[in-house]
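Encoded as C-alpha cells, the structure appears first; notes follow it.
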Amino acid sequence: MIRSDMGFLFVAVFYLGLAIIYVIPSIVAFRRNHPNRWIIAVINMAFGGTIIGWGVALVWALRAVHRPGSTDSGGESGLNIFVNDTKKVQIVDPSSASTAQELERLHDLLTRGVISQTEFDGLKTKLIGV
Numbered sequence: 105m106i107r108s109d110m111g112f113l114f115v116a117v118f119y120l121g122l123a124i125i126y127v128i129p130s131i132v133a134f135r136r137n138h139p140n141r142w143i144i145a146v147i148n149m150a151f152g153g154t155i156i157g158w159g160v161a162l163v164w165a166l167r168a169v170h171r172p173g174s175t176d177s178g179g180e181s182g183l184n185i186f187v188n189d190t191k192k193v194q195i196v197d198p199s200s201a202s203t204a205q206e207l208e209r210l211h212d213l214l215t216r217g218v219i220s221q222t223e224f225d226g227l228k229t230k231l232i233g234v
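For the sequence shown, my numbering gives the first residue as 105, with consecutive numbering after it.
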C-alpha cells in the first residue's frame, strides 16, 4: 500500500516537473512583459510538444525587444510584431501656441525620434521665418 502511494507521488511530481518545463517560454515572456507574450504562449502551448516549437518560443521570449537609446525599434525583423504599432499623437493648432512652445514641442519630437534632424531643422526654419 505504501509502495503504490510512493509510486503515484513520484509519477505526479515527475509530470508536474514536465509541465513546468513545458511552459517556461510562456513564463519568461510574461515575466519580461514581451510585446508578443500572447503569441509566444500560443506557440508554446500548440507546438511546445515538439522540441523545435518549444525552442522557438523560448528564443523568442528571451530575445531583446528594444533597448532605450538605440535607434533600432526591434520590429523590422518580424519577431517583435507589435513593437512598431502606430501611436496616437495630438495635432496642435500652431496659431494657438507661441513660437517658444512650438520649438519646445519640435525639440521633444526630435529627442523622442519621431522626426529626424533634417525635418526638425526645416520645421524650425519655417517656424522662425528665417
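Note that the Cβ used here is the ideal one computed from N, Cα and C, for glycine as well.
Every value quoted in this text rests on a predicted model; they were computed, and no experiment measured them.
| Check | Outcome |
| --- | --- |
| Does the separation of the CB atoms of Val-132 and Leu-162 fall below 8 angstroms? | yes |
| Rounded to whole angstroms, what's the CA-CA distance from Arg-216 to Gly-226? Just pull it up for me. | 17 angstroms |
| So Lys-228 and Leu-210 are in contact, right, with Cβ under 8 angstroms, and what is the actual spacing, rounded? | 6 angstroms |
| Using 8 angstroms as the Cβ pair cut-off and three pairs as the minimum, do the region 125-139 and the region 150-162 touch? | yes |
| Entirely within the region 119-168 and at least 4 residues each: give me those alpha helix (DSSP H) ranges in chain order. | 128-135, 141-151, 155-166 |
| Distance, Cα to Cα, Ala-204 vs Ile-232? | 10 angstroms |
| Quick one: give me the first and last residue of the alpha helix (DSSP H) that Arg-216 is part of. | Here Arg-216 belongs to no alpha helix (DSSP H), and DSSP marks it neither H nor E. |
| Let me confirm a value: Lys-137 is counted as buried when at least 16 other C-beta atoms fall within 10 Å, else exposed. Which label applies? | What sits at residue 137 in the sequence shown is Asn, not Lys. Answer is exposed; the Cβ neighbour count stays below 16. |
| Label Arg-135 either buried or exposed according to how many other C-beta atoms from any shown protein chain fall within 10 Å of its C-beta, with 16 as the threshold for buried. | exposed |
| I'd like to check one pair, Gly-159 with Ile-147: are the Cβ atoms closer than 8 angstroms? | no |
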